[in-house]
Amino acid sequence: MAERIQSWLQPFLTWLTARPAPGEAAIERPGESFVAIALLWTFAGVALSAAPFLLADAPLALWLTLPLGLLATSCGLGLFQVVIFHHCSHGTVFRSRARNRQVGRLVSALLLFKRFDDYQHEHMLHHSPKKLLTEEDEFADFVLGLCGLEPGLPKRELWRRVCVSLVSPAFHLRFLRRRIGASLFTGDAAHDRVGRIGWAGGFLVAAACGVLPAFLVAWVLPVTVLLQAATVLRILCEHRFPEPELIAMRNRDFVCHATAGVFPGREPPADRASSLRGLMLWAGWWLEMLTVHLFVRLFVLVGDAPCHDFHHRRPATRRWTDYIHARQQDLEAGSPGFPSGYIENWGLISAIDANLASLAATRPETIGRG
Numbered sequence: 001m002a003e004r005i006q007s008w009l010q011p012f013l014t015w016l017t018a019r020p021a022p023g024e025a026a027i028e029r030p031g032e033s034f035v036a037i038a039l040l041w042t043f044a045g046v047a048l049s050a051a052p053f054l055l056a057d058a059p060l061a062l063w064l065t066l067p068l069g070l071l072a073t074s075c076g077l078g079l080f081q082v083v084i085f086h087h088c089s090h091g092t093v094f095r096s097r098a099r100n101r102q103v104g105r106l107v108s109a110l111l112l113f114k115r116f117d118d119y120q121h122e123h124m125l126h127h128s129p130k131k132l133l134t135e136e137d138e139f140a141d142f143v144l145g146l147c148g149l150e151p152g153l154p155k156r157e158l159w160r161r162v163c164v165s166l167v168s169p170a171f172h173l174r175f176l177r178r179r180i181g182a183s184l185f186t187g188d189a190a191h192d193r194v195g196r197i198g199w200a201g202g203f204l205v206a207a208a209c210g211v212l213p214a215f216l217v218a219w220v221l222p223v224t225v226l227l228q229a230a231t232v233l234r235i236l237c238e239h240r241f242p243e244p245e246l247i248a249m250r251n252r253d254f255v256c257h258a259t260a261g262v263f264p265g266r267e268p269p270a271d272r273a274s275s276l277r278g279l280m281l282w283a284g285w286w287l288e289m290l291t292v293h294l295f296v297r298l299f300v301l302v303g304d305a306p307c308h309d310f311h312h313r314r315p316a317t318r319r320w321t322d323y324i325h326a327r328q329q330d331l332e333a334g335s336p337g338f339p340s341g342y343i344e345n346w347g348l349i350s351a352i353d354a355n356l357a358s359l360a361a362t363r364p365e366t367i368g369r370g
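Residues 1 to 370 (the UniProt record's numbering) are what the sequence shown spells out, left to right.
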């Protein structure tokens, strides 16, 4: 791709696709920088979303920016979920274990995530080849339990269930009820108190100030329905179900085939833009990259989500902060310690389709569902 793109555009495309140009220099940055980025996206999005509700006679142009505000807020919340909360459970965002736990508990209480300590325990099981894709695995519990996707069902039926879930009020209420129970009613008084005070205070202040509609749209909607929709799409592209022989082995080869990189974008046209045909192809490519794939990168595949396969091979590394180059370097080095190379998908829908196909081809008894 790099040889067909102007060099000044490459940094943007590296971020968008999560794939670096050949020989591109790695970027070192501390884990704390992701906290600042997440806060910036979240607060900017809330401000942009709330503005038309708070301004008297807001112009139409400001109302038209509401979807952009919701997208920005969703991006920030996704970063808190996928990057900060997740990597705090691995102890790799901040230098001290205590700070990682403090921030993780605060995030889980305020954003209605599973209590950090419970999540950390379950997530460590998820990283065990012995538990991945079993009843004890958080991924399997979400996909098979909450989403109702069962092995052996036709792929068409699996897709139907996914699409229905994304727009179903009953599904989102069930998802939200599970989140509230796991976040605000955990039996951990100190943790639950923070979340309850935060949410009750938010509603009371918004109502007292007469800005409850703005609060509901700019904050509650992204934290609930939008984040949940993004979570469904992201989790469905994280893991696939390998052949029964590999699942039975429960070793590193199984891990290699159960995860794949998912990169937003597609290869640019081979034609040069100097001809009418080439110009049309390039215009279509850029339109797709700056709409479909940019939306996916901001809403679903936030942070290091495209390189989830690298994370499962190197879960404790602090190089996750430069996940794009770290994965590429590990790939080029042959992924030492693992018997198989990396697998990749281009495009979110293509990745989900491949994973659903693997689930459709899996016999229930292979993963203990028989």
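Ideal Cβ positions, reconstructed from N, Cα and C, are used throughout, including at glycine.
Between which two residues does the alpha helix (DSSP H) containing residue i stretch?
| i | result |
| --- | --- |
| Glu332 | Tyr323 to Glu332 |
| Phe175 | Pro169 to Leu184 |
| Glu245 | Pro244 to Met249 |
| Phe142 | No alpha helix (DSSP H) contains Phe142, which DSSP labels as neither H nor E. |
| Gly91 | That residue, Gly91, is in no alpha helix (DSSP H); it is neither H nor E in DSSP. |
| Arg369 | Looking at the DSSP string, Arg369 is not in any alpha helix (DSSP H), and its letter there is neither H nor E. |
| Glu288 | Leu276 to Glu288 |
| Thr73 | Leu66 to Leu79 |
Report the three-state DSSP secondary structure of residue i (helix, strand or coil).
| i | result |
| --- | --- |
| His127 | coil |
| Phe263 | strand |
| Asp118 | helix |
| Phe310 | helix |
| Leu149 | coil |
| Phe338 | coil |
| Ile84 | helix |
| Arg196 | helix |
| Leu111 | coil |
| Asp57 | coil |
| Pro20 | coil |
| Ala207 | helix |
| Ile27 | coil |
Taking 6 Å as the limit between beta carbons, can you name the residues of its chain near residue i, skipping five residues before and five after?
| i | result |
| --- | --- |
| His172 | Val225 and Gln228 |
| Gly198 | Leu110 |
| Lys155 | Leu356, Ala357 and Ala360 |
| Glu238 | His308 |
| Pro269 | Leu281, Trp282 and Trp285 |
Among residues of its own chain, excluding the 5 on either side of residue i, which ones have a beta-carbon nearer than 7 Å to its beta-carbon?
| i | result |
| --- | --- |
| Glu138 | Glu122, His123 and His126 |
| Phe338 | Arg252, Cys256 and Arg313 |
| Glu344 | Ala260, Gly261 and Phe263 |
| Ala214 | Ala50, Phe53 and Leu54 |
Based on the DSSP output, what are the partners of residue i in its beta bridges?
| i | result |
| --- | --- |
| His239 | Thr259 |
| Asn345 | Val262 |
Identify, in the order they occur along the chain, each residue of the same chain with its Cβ nearer than 8 Å to the Cβ of residue i, setting aside the five sequence neighbours on each side.
| i | result |
| --- | --- |
| Thr317 | Thr92 and Ala326 |
| Val82 | Arg234, Val302, Gly303, Asp304 and Ala305 |
| Arg29 | Thr321 and Asp322 |
| Leu71 | Gly45, Phe295, Leu298 and Phe299 |
Would residue i pass as an interface residue toward chain B - the criterion being a Cβ-Cβ separation below 8 Å?
| i | result |
| --- | --- |
| Phe254 | Here chain B cannot be found, since the structure has a single protein chain. |
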